[in-house]
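**Q** Dropping the structure in here first, questions after.
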Amino acid sequence: MMSKKLLLKYDHIPGIQALDVYRKHEGYSALEKALKSMQPDEVLEEVKKSGLRGRGGAGFPTGMKWSFLAKPESVPRYLVCNADESEPGTFKDRYLMERIPHLLIEGMIVSSFALGAKTSYIYVRGEYFYIIKILQNAIKEAYAAGLLGKNILGSGFDLDLYVQPGGGAYICGEETALLESLEGKRGNPRIKPPFPAVAGLWGCPTVVNNVETIAAVVPIINDGGEAYAKIGVGKSTGTKLISASGHINKPGVYEIELGVPVEEFIYSDAYCGGIKNGKKLKAVVAGGSSVPILPTELILKTAKGEPRLMTYESLSDGGFATGTMLGSGGFIVMDEDTSIVKNLFTFARFYRHESCGQCSPCREGTSWMEKLIKRILDGNGKISDIDLLWDVQSKIEGKTICPLGEAAAWPVAAAIRHFRPEFEAYINQHNTIKEVKHYYRLNNLAEV
Amino acid sequence: MTTEEIKFNDAAQHKVQEILAQYPEGKQKSAMLPLLHLAQAEFDGWLSPSVMDYVASILNVQPIEVYEVATFYSMFNLKPTGKYLIEICQTSSCWLCGAEDIIHYLENKLEIKTGQITKDGMFQLKRVECLGSCGTAPMFQIGDKYYENLTFEKIDSILEELRNENKRSTYV
Chain A
14 MMSKKLLLKY DHIPGIQALD VYRKHEGYSA LEKALKSMQP DEVLEEVKKS GLRGRGGAGF
74 PTGMKWSFLA KPESVPRYLV CNADESEPGT FKDRYLMERI PHLLIEGMIV SSFALGAKTS
134 YIYVRGEYFY IIKILQNAIK EAYAAGLLGK NILGSGFDLD LYVQPGGGAY ICGEETALLE
194 SLEGKRGNPR IKPPFPAVAG LWGCPTVVNN VETIAAVVPI INDGGEAYAK IGVGKSTGTK
254 LISASGHINK PGVYEIELGV PVEEFIYSDA YCGGIKNGKK LKAVVAGGSS VPILPTELIL
314 KTAKGEPRLM TYESLSDGGF ATGTMLGSGG FIVMDEDTSI VKNLFTFARF YRHESCGQCS
374 PCREGTSWME KLIKRILDGN GKISDIDLLW DVQSKIEGKT ICPLGEAAAW PVAAAIRHFR
434 PEFEAYINQH NTIKEVKHYY RLNNLAEV
Chain B
638 MTTEEIKFND AAQHKVQEIL AQYPEGKQKS AMLPLLHLAQ AEFDGWLSPS VMDYVASILN
698 VQPIEVYEVA TFYSMFNLKP TGKYLIEICQ TSSCWLCGAE DIIHYLENKL EIKTGQITKD
758 GMFQLKRVEC LGSCGTAPMF QIGDKYYENL TFEKIDSILE ELRNENKRST YV
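Sequences listed follow chains A and B, in order.
Residue numbers are given in the numbering used here: position 254 of the first sequence equals residue 267, and the series is strictly consecutive.
Residue numbers are given in the numbering used here: position 123 of the second sequence equals residue 760, and the series is strictly consecutive.
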């Protein structure tokens with residue numbers, strides 16, 4: 014079954030990056046509808062009805078987030094788009110912005126209208142500089158066509174939209190770190206409360222939403238929130254972009270209706286097309302590097318034996334003992350020959366590099382975890398190191414200002430939980446080699 | 638170089654004004670990251686203390702406010718770089734698809750270790766974390782360009798092309 018497409022319906026159309034082509038394919042119809050026939054609160058109502066949840070990873074209901082926005086008199090409000098896509102395994106926002114930039118621009122204008130923002134920013138990770146150029150070009154076209162600036166489409170609504178580059182820092186995907194960065198500072202997350210909805214950019218009420226979330230507002234306004242909510246399963250409504258990578262035949266970005274079985278997603282030719290080189294599946298990181306890795310038997314089926322679905326609820330079924338999270342939809346697939354410990358090392362190195370250093374449990378813990386995993390891989394580990402690793406990760410989780418602590422701890426915990434024998438094998442195998450070398454006085458031989 | 642000698646050319650000055658206009662009155666410090674990117678592109682691909690002081694003077698902030706930002710973000714080079722800074726992604730999906738082989742190949746071919754610059758100043762290797770190119774792994778970035786689905790043959794022709802082009806890579 015092919016999924017219904019809402020965001021990538023027209024991404025294959027040649028020249029869709031250009032405004033005139035985009036407009037020929039329903040482009041800016043949601044904006045016209047909103048500005049000409051709806052009040053800002055009615056747009057918010059449709060988003061609430063749609064059940065749309067934040068597509069950056071946390072899955073918080075977007076309508077609710079919008080309704081928290083404080084609206085004091087004569088204080089500007091801001092909408093900031095989080096395009097700091099940096100979660101390993103995730104590249105969907107890049108794809109969307111590159112292929113169909115006007116969808117994001119249209120979503121930004123409609124959302125700004127709903128929130129009463131007169132100035133909005135798209136904060137794009139600095140490494141995506143070529144994407145920044147694409148967006149700036151699209152914005153220029155939109156200004157020229159009267160879709161941005163003063164009195165948009167004769168409605169009396171004004172909006173200025175700017176693109177802001179990041180400087181290379183994963184932490185700026187955390188919304189308060191992003192706002193700090195947008196204010197020209199280091200990306201250190203803020204202590205909450207106050208939440209950005211009350212005191213965000215320059216102390217003003219601010220909504221920060223992911224690229225895909227804002228883009229989804231366009232079909233929601235076009236077709237209505239109820240129509241959107243009919244797609245998907247339960248509280249996982251609508252479609253989701255999944256970034257599929259690793260040992261699969263067809264890596265890429267897929268728009269799925271939430272509810273597709275994981276097994277179908279991995280093996281169907283409509284999606285990943287099965288495991289590369291005919292190998293067997295070993296494990297999947299289903300929602301970006303931060304979410305727990307699951308072995309084959311638990312990613313395809315829940316602990317209760319039900320088929321695992323691509324939904325927020327089904328992927329987290331069983332809690333972290335046997336489940337994971339949908340997260341950002343960064344779907345990393347590993348074949349039977351993959352070393353889980355080595356892959357974990359790349360995650361641990363990543364989080365050590367990306368910790369902002371503000372909270373000691375994260376600053377110290379991430380480098381400690383990296384060193385411990387390295388020691389095990391280098392053959393200098395002890396069995397007690399596995400317990401130590403477990404202990405360190407458990408002392409980061411829940412003890413930091415922002416969720417980077419959890420993001421660093423969860424992959425370590427899950428790897429030990431599901432693949433402990435692999436850690437033990439690295440340690441025991443090297444110990445055996447050392448003993449043999451010692452017995453035969455071979456210590457001067459090269460390291461194995 | 639002294640601060641007096643460091644000044645954006647007219648085209649860059651124009652860009653500075655455009656960037657500063659993106660923020661409300663009094664919030665010009667927000668131009669920090671865009672200006673640092675611009676300065677790095679204009680002044681040989683790295684941020685010397687005098688260049689950072691110059692940016693501080695434009696933003697009307699203390700130099701330390703620029704230093705603390707420049708040292709936080711991974712894209713700002715605080716030392717001179719090779720003409721082409723090859724930034725190779727080493728995180729999970731790229732690692733799964735052979736990033737280490739790519740790194741070793743480049744190290745052998747260019748006869749340098751990661752972090753180092755070739756003797757002719759042309760290339761520098763740098764390991765970086767996820768660049769959002771996981772579905773097209775392995776990959777590296779040079780300036781604002783992504784080179785994806787890399788193979789050894791592809792790398793050979795990319796390096797050859799760049800040697801002929803001989804123009805500093807920048808993000809801007």
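C-beta atoms are modelled at their ideal positions from N, C-alpha and C, and glycine is treated no differently.
Determine the contact status of PHE363 (chain A) and THR728 (chain B), defining contact as a CB-CB distance below 8 angstroms.
**A** Taking the first sequence and counting its residues from 1, one reaches residue 363 (chain A) at position 350. Taking the second sequence and counting its residues from 1, one reaches residue 728 (chain B) at position 91. Contact: yes.
**Q** List the DSSP bridge partners of CYS622 (chain B).
**A** Past the boundaries of the shown model lies residue 622 (chain B); chain B is included only from 638 to 809, so the question cannot be answered.
**Q** Quick check: the stretch 117-129 of chain A against the stretch 230-238 of chain A, are at least 3 beta-carbon pairs closer than 8 angstroms?
**A** The answer is yes - the stretch 117-129 of chain A touches the stretch 230-238 of chain A, with three or more Cβ pairs under 8 angstroms.
**Q** Would the beta-carbon of MET689 (chain B) fall within 8 angstroms of that of TYR704 (chain B)?
**A** Position 52 of the second sequence, counted from the start, is the residue given in the question as residue 689 (chain B). Position 67 of the second sequence, counted from the start, is the residue given in the question as residue 704 (chain B). Yes, these two residues count as a Cβ contact at 8 angstroms.
**Q** DSSP state of ASP348 (chain A), grouped into three classes?
**A** If you number the first sequence from 1, residue 348 (chain A) lands on position 335. Three-state DSSP puts ASP348 (chain A) in a strand.
**Q** Please decide whether LYS720 (chain B) counts as near chain A, where near means a Cβ-Cβ distance under 8 angstroms.
**A** Along the second sequence, read from residue 1 onward, the residue named residue 720 (chain B) stands at position 83. Judged by the 8 angstroms Cβ criterion, LYS720 (chain B) is not in contact with chain A.
**Q** Measure from the C-beta of ALA155 (chain A) to each C-beta in chain B and report whether the shortest distance is under 8 angstroms.
**A** In the first sequence, counting from the first residue as 1, residue 155 (chain A) sits at position 142. No, because no Cβ of chain B sits closer than 8 angstroms to the Cβ of ALA155 (chain A).
**Q** Quick one: which chain A residues come within Cβ less than 8 angstroms of PRO671 (chain B)?
**A** Within the second sequence, the letter at position 34 stands for residue 671 (chain B). Ordered by position in chain A, the residues that pass the 8 angstroms Cβ test against PRO671 (chain B) are GLN177 and PRO178.
**Q** Interface residues of chain A around ALA774 (chain B) at Cβ under 9 angstroms?
**A** For the purposes of this step, residue 774 (chain B) is identified with residue 137 of the second sequence, where counting begins at 1. The answer, in chain order, is SER258, GLY259 and PRO264.
**Q** For GLY331 (chain A), collect the residues of the same chain with a Cβ closer than 7 angstroms to its Cβ; drop the 5 residues on either side in sequence, then sort them by chain order.
**A** Position 318 of the first sequence, counted from the first residue, corresponds to residue 331 (chain A). Closer than 7 angstroms at Cβ, skipping near neighbours: THR315 and ALA316.
**Q** Under a Cβ-count criterion, where at least 16 other Cβ atoms within 10 Å of its own Cβ denotes burial, should LEU116 (chain A) be classed as buried or exposed?
**A** For the purposes of this step, residue 116 (chain A) is taken as the residue at position 103 of the first sequence. Buried, by the Cβ-count rule.
**Q** Buried or exposed: where does ILE29 (chain A) fall if 16 or more other Cβ atoms within 10 Å of its Cβ makes it buried?
**A** Taking the first residue of the first sequence as 1, we reach residue 29 (chain A) at position 16. It is buried - the Cβ of ILE29 (chain A) has at least 16 other Cβ atoms within 10 Å.
**Q** Please decide whether PRO470 (chain A) counts as near chain B, where near means a Cβ-Cβ distance under 8 angstroms.
**A** The shown model of chain A, from 14 to 461, leaves out residue 470 (chain A), and the question about it has no answer.
**Q** Could you give the C-beta distance for ASP106 (chain A) and GLU100 (chain A), rounded to a whole number, given that I count them as a contact under 8 angstroms?
**A** As a working mapping, residue 106 (chain A) is identified with position 93 in the first sequence. As a working mapping, residue 100 (chain A) is identified with position 87 in the first sequence. Actually they do not touch by this definition, with Cβ atoms about 10 angstroms apart.
**Q** Going along the chain, which residues of the stretch 353-386 of chain A sit with their C-beta nearer than 7 angstroms to a C-beta in chain B?
**A** Residues passing the 7 angstroms Cβ filter: ASN356, THR359, PHE360, PHE363, HIS366 and GLU367.
**Q** Alpha carbon to alpha carbon, how far is GLY378 (chain A) from ILE144 (chain A)?
**A** Mapped onto the first sequence, residue 378 (chain A) falls at position 365. Mapped onto the first sequence, residue 144 (chain A) falls at position 131. Going by the C-alpha atoms only, they are around 34 angstroms apart.
**Q** Check each candidate in A:ILE26, A:PRO178, A:ARG203 and A:ASN262 and name the one with the smallest Cα separation from THR189 (chain A).
**A** To locate residue 189 (chain A), count along the first sequence from 1; it is residue 176. Comparing Cα positions, the closest option is A:ARG203.
**Q** Going by C-alpha distance, which of A:ILE255, A:ILE345 and A:VAL221 is nearest LEU294 (chain A)?
**A** Position 281 of the first sequence, counted from the first residue, corresponds to residue 294 (chain A). Residue A:ILE345 is the option with its Cα nearest to LEU294 (chain A).
**Q** Leaving out the 5 sequence neighbours to the left and right, which residues in its chain are closer than 8 angstroms to ALA334 (chain A) when beta-carbon positions are compared?
**A** Looking up residue 334 (chain A) in the first sequence gives position 321. For ALA334 (chain A), where only same-chain residues beyond five positions count, the Cβ hits under 8 angstroms are ALA316 and ARG430.
**Q** Might you give, ordered along the chain, the residues of its own chain that have their beta carbon closer than 6 angstroms to the beta carbon of THR226 (chain A), omitting 5 neighbours on each side?
**A** In the first sequence, the residue the question calls residue 226 (chain A) occupies position 213. Same-chain partners within the cutoff: GLY67, ARG68 and THR75.
**Q** Look at the Cβ atom of GLY772 (chain B), then the Cβ atom of ALA257 (chain A), and state whether they are nearer than 8 angstroms.
**A** What you label residue 772 (chain B) is simply residue 135 of the second sequence in a count that begins at 1. What you label residue 257 (chain A) is simply residue 244 of the first sequence in a count that begins at 1. Yes, these two residues count as a Cβ contact at 8 angstroms.
**Q** Indicate whether ASN201 (chain A) and GLN371 (chain A) have their beta-carbon atoms separated by less than 8 angstroms.
**A** The count along the first sequence starts at 1 and reaches residue 201 (chain A) at position 188. The count along the first sequence starts at 1 and reaches residue 371 (chain A) at position 358. Yes, the pair counts as a contact, with Cβ atoms nearer than the cut-off.
**Q** So which of A:LEU92, A:VAL88 and A:LEU166 has the shortest CA-CA distance to SER50 (chain A)?
**A** Within the first sequence, numbered from 1, the residue matching residue 50 (chain A) stands at position 37. Considering only alpha carbons, the answer is A:LEU166.
**Q** Can you tell me whether SER770 (chain B) is buried or exposed, with buried defined as 16 or more other CB within 10 angstroms of its CB?
**A** Counting from 1 along the second sequence, the entry for residue 770 (chain B) is found at position 133. Answer is buried; the Cβ neighbour count reaches 16.
**Q** Could you tell me which residues DSSP pairs with PRO274 (chain A) in its beta bridges?
**A** As a working note, residue 274 (chain A) is residue 261 in the first sequence. Its beta-bridge partners are A:LEU322.
**Q** Hey, is MET689 (chain B)'s beta-carbon within less than 8 angstroms of any beta-carbon in chain A?
**A** The residue given as residue 689 (chain B) occupies position 52 in the second sequence. No, MET689 (chain B) does not count as interfacial toward chain A.
**Q** Taking a contact to mean a Cβ-Cβ separation below 8 angstroms, would you say LEU722 (chain B) touches ILE792 (chain B) in this structure?
**A** As a working note, residue 722 (chain B) is residue 85 in the second sequence. As a working note, residue 792 (chain B) is residue 155 in the second sequence. For LEU722 (chain B) and ILE792 (chain B), no; Cβs fall outside 8 angstroms.
**Q** So, helix, strand or coil for ILE144 (chain A), using DSSP?
**A** Translated into the one-based positions of the first sequence, residue 144 (chain A) becomes position 131. Helix, per DSSP.
**Q** Let me check one thing: in DSSP terms, what residues is VAL405 (chain A) bridge-paired to?
**A** Within the first sequence, residue 405 (chain A) is the residue found at index 392, counting from 1. Answer is none; VAL405 (chain A) lacks a bridge partner.
**Q** Nearest-angstrom Cα distance between SER16 (chain A) and GLU268 (chain A)?
**A** Taking the first sequence and counting its residues from 1, one reaches residue 16 (chain A) at position 3. Taking the first sequence and counting its residues from 1, one reaches residue 268 (chain A) at position 255. Computed Cα separation, rounded: 7 angstroms.
**Q** What is the rounded straight-line gap between the Cα of LEU65 (chain A) and the Cα of GLN753 (chain B)?
**A** Locating residue 65 (chain A) in the first sequence gives position 52, counting from the first residue. Locating residue 753 (chain B) in the second sequence gives position 116, counting from the first residue. For LEU65 (chain A) and GLN753 (chain B), the distance between alpha carbons rounds to 48 angstroms.
**Q** Could you check the C-alpha separation between ALA668 (chain B) and GLY287 (chain A) for me, to the nearest Å?
**A** As a first step, residue 668 (chain B) must be located in the second sequence, where it is residue number 31. As a first step, residue 287 (chain A) must be located in the first sequence, where it is residue number 274. Cα to Cα, the separation comes out at about 46 angstroms.
**Q** Put ILE255 (chain A) into one of helix, strand or coil per three-state DSSP.
**A** Counted from its first residue, the first sequence places residue 255 (chain A) at position 242. ILE255 (chain A) falls in the strand class under three-state DSSP.
**Q** Short of 6 angstroms in beta carbon distance, which residues of its chain neighbour GLN677 (chain B), apart from the five on each side in sequence? Order them along the chain.
**A** To locate residue 677 (chain B), count along the second sequence from 1; it is residue 40. Within the same chain, GLN677 (chain B) has close Cβ partners LEU684.
**Q** Cα separation between HIS651 (chain B) and PHE789 (chain B)?
**A** Start at 1 with the first residue of the second sequence, and residue 651 (chain B) comes out as number 14. Start at 1 with the first residue of the second sequence, and residue 789 (chain B) comes out as number 152. Cα-Cα distance, rounded: 42 angstroms.
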